[in-house]
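A short write-up of the structure that comes next.
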Amino acid sequence: MVRFGFSFVLAAAAALLAGVVSAAPASELVQGQGAAAWPNGPLRTDGRWMKDASGNTVTYAGANWPGHGEIMIPEGLQYQSIKYIVTKLKSVGFNAIRLTYAIQMIDEIYDNGGVDIPLDKAFVQGLGQANGTRLLAQFLSKNPQFTAKSTRLQVFDAVAAELAKQQMYVHLDNHISTGKWCCGSSDDNAFWGDLAFHPGNWTRGLAYMAAHGKAWPALMSSALRNEPREPSSGPAKANYNWETLYKYAKQGAAAINKANPNLLIFISGLNYDTFVTPIVRGQALSPGQTRFARSDFAGFENKLVLEIHNYDNNQGSCSALRNNLYNNGFEAHSDSAVNKFPVLLTEYGFAMDATTWQRVYATCIAQFTADNKAGFFIWVIVGSYYTRSGTQDFDEAWGVLNHDWSDWRNPSYVQNQLIPQIRGTLSQ
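Sequence positions in the sequence shown follow mature numbering (1 follows the signal peptide of the UniProt record, and there is no 0) and run -23 to -1, 1 to 405.
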């Protein structure tokens, strides 16, 4: 996630939802209610749509739940139980979670003879002896199904199981290689070949998590890499281009598909994944002349999805923002697109204060996703982080949940914009 520095809810919808922060799940209202049991996978693509096994359209309306930080487990579990958090998210109609992870977790599993490290080691490794021990005790008190010797992957498993129980799709996202806050040009994780971004470890990690996720009924899709960006220095800087991104996208997609052929695979773009235009328009992937071809993904051509991020938070014109979203990726939804894909806005977000949600950026994106039935994941549900950039118990001002993850940080936003956005995006 990087931060750079439509229109609004219909009166009838607002009246319907007045005083209701917990709404009937939007997933109950929508998209082709086939007879098959949820999740009715695997999913596939058909033009601009994602489809389930019965041919019903599936759209994600979800939130980001980071698990790629220093401890390398999903955030917030020192404050609330897994069940509490998932139930809270489900209550407003979210039907999907973008669950992030770090390649370092898989590297450590391989370094440990194929066995994941226990939570007591993970907490101390991430937070130091005193704070790690203290926070682990808080985590265990809220989630007593675990012990100090449970593993990180067992926490991921439990999150995925609860999401499945409450019928919420899981979308896996490799957010970073090193377990820490993301993203910046000088964090050694910016692009393939950067100091901490080793392509071999990356494909191994993608394959490992895809294979591990076979046991997760709700897992429907996996991304290749979060926010490819130009490194500020180092050996990868010279290779920062579309040609290199496409080379590794093919490798990563093949690794995921071989490990778990059921998964949709999300492809991101350059400049912090803010545009995928050359793929959509069939342009030469510079500096070479190669162009995107579905034949490069033989055997799983109908498993490819595009994703973009948008943090144009100071935008003063909704029409300009809509044009940017279209030109940067959502053109792939149009009948005139050279290459037609489902496109998802897998990150956008803003400060959860009293007024920001009423400005052009937030209102415009809410209306855009509803008007276009465009899947999305808001950044971020996190009320606070175990640690972020050296500050432990870091408060997340952009968090949809409050600091202790007990309630909404901004109930007015949730009631008057988020719930209608979810319902509008998922309605037919």
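Ideal placement from N, C-alpha and C gives every residue a C-beta, glycine not left out. Note that this is a predicted model, so its numbers are computed, not measured.
C-beta atoms of residue i and residue j nearer than 9 Å
i, j, result
"Leu322", "His286", "yes"
"Thr77", "Lys350", "no"
"Val377", "Leu395", "yes"
"Ser198", "Tyr146", "yes"
"Ala187", "Leu149", "yes"
"Glu278", "Arg268", "no"
"Gly46", "Asn239", "no"
"Leu302", "Met27", "no"
"Ala40", "Ile355", "yes"
"Leu96", "Phe71", "no"
"Gly401", "Ala347", "yes"
"Pro16", "Ala141", "yes"
Assigned exposure category for residue i - 16 Cβ within 10 Å defines buried
i, result
"Tyr87", "exposed"
"Ser294", "exposed"
"Asn166", "buried"
"Asn151", "buried"
"Gly190", "buried"
"Pro397", "buried"
"Asn305", "buried"
"Pro255", "buried"
"Ser58", "buried"
"Thr332", "exposed"
"Val7", "Confidence at Val7 is low in this model, with a pLDDT of 44, below 50, so the placement of that residue is unreliable and no value is reported for it."
"Gly156", "buried"
"Ala200", "buried"
"Gly276", "exposed"
"Thr364", "buried"
"residue 408", "Given a span of -23 to 405 for the chain in the structure shown, any question on residue 408 remains unanswerable."
"Ala30", "exposed"
"Asp164", "buried"
"Pro194", "buried"
Nearest neighbour of residue i, chosen from the options [CA to CA]
i, options, result
"Ser311", "Ala13, Gly24, Pro255, Gln115", "Gly24"
"Ala99", "Cys160, Arg258, Gly91, Lys126", "Lys126"
"Thr128", "Ile256, Ile48, Ala297, Leu201", "Ile48"
"Ala213", "Leu196, Ala231, Asp171, Tyr225", "Asp171"
"Cys341", "Pro121, Ala297, Asn89", "Ala297"
"Leu205", "Glu220, Lys119, Ala275, Ala192", "According to the sequence as given, residue 205 is Pro; it is not Leu. Of the candidates Glu220, Lys119, Ala275, Ala192, the one whose C-alpha sits nearest the C-alpha of Pro205 is Glu220."
"Thr64", "Thr332, Gln143, Gly32, Lys280", "Gln143"
"Ser210", "Thr368, Gly161, Gln260", "Gly161"
"Gly91", "Arg181, Ser366, Leu196, Gly229", "Arg181"
"Tyr37", "Ala73, Ala138, Asn120", "Ala73"
"Ser263", "Tyr223, Asn108, Ile50, Ile399", "Tyr223"
"Phe353", "Gly367, Gly326, Arg336", "Gly326"
"Val257", "Ala232, Glu284, Pro121, Ala231", "Glu284"
"Ile399", "Asp384, Ser366, Phe345, Gly367", "Phe345"
"Ser118", "Pro51, Glu139, Gln55", "Gln55"
Own chain, CB closer than 7 Å to residue i, minus 5 neighbours either side, in chain order
i, result
"Met329", "Ala374, Trp375, Gly376, Val377, Arg386, Asn387, Tyr390"
"Gly53", "Ile62, Val359, Gly360, Trp382"
"Tyr217", "Phe168, Glu207, Pro208"
"Ala236", "Ala184, Ala187, Ala188"
"Asn108", "Gln369"
"Ala230", "Leu201, Ile242, Phe274"
"Val(-15)", "At Val(-15), the pLDDT of 31 sits below 50, so the modelled position is not reliable and the matter cannot be decided from this model."
Neighbourhood of residue i by C-beta, 6 Å cutoff - its chain only, sequence neighbours within 5 removed
i, result
"Trp334", "Tyr390, Gln394"
"His380", "Gly360, Ser361, Asp372"
"Ala(-6)", "Its pLDDT being 36, under 50, Ala(-6) is placed unreliably in this model, and the coordinates cannot settle the point."
"Phe174", "Ser154, Asn166"
"Ala135", "Ile59"
8 Å CB neighbourhood of residue i in its chain, flanking five on each side removed
i, result
"Gln131", "Asp93, Phe123"
"Asn178", "Ile80, Ile83, Asp84, Ser154"
"Val282", "Thr22, Met27, Ser198, Leu241, Ile242, Phe243, Ile244, Phe318, Pro319, Val320, Leu321"
"Gly259", "Arg268, Phe269, Val315, Asn316"
- Task: Return the chain-ordered ranges of every alpha helix (DSSP H) run that is complete within the stretch 18 to 61 and spans a minimum of 4 residues.
- Result: Counting whole runs of 4 or more residues, the stretch 18 to 61 contains no alpha helix (DSSP H) stretch at all.
- Report the residue ranges of all alpha helix (DSSP H) runs contained in full by the stretch 176 to 235; include only those spanning at least 4 residues, in chain order. Taken in chain order, the unbroken stretches of alpha helix (DSSP H) that lie wholly in the stretch 176 to 235 and span 4 residues or more are 176 to 189.
- Message: To test your reading of the DSSP string, which unbroken beta strand (DSSP E) runs of 3 or more residues are found completely within the stretch 67 to 132?
- Response: Runs of beta strand (DSSP E) with 3 or more residues, each lying fully within the stretch 67 to 132, are found at 73 to 79, listed in chain order.
- Item | Every unbroken beta strand (DSSP E) within the stretch 308 to 377, with a cutoff of 3 residues, ordered by chain | Within the stretch 308 to 377, the complete beta strand (DSSP E) runs of at least 3 residues are 320 to 324, 353 to 355, 361 to 365, 368 to 372.
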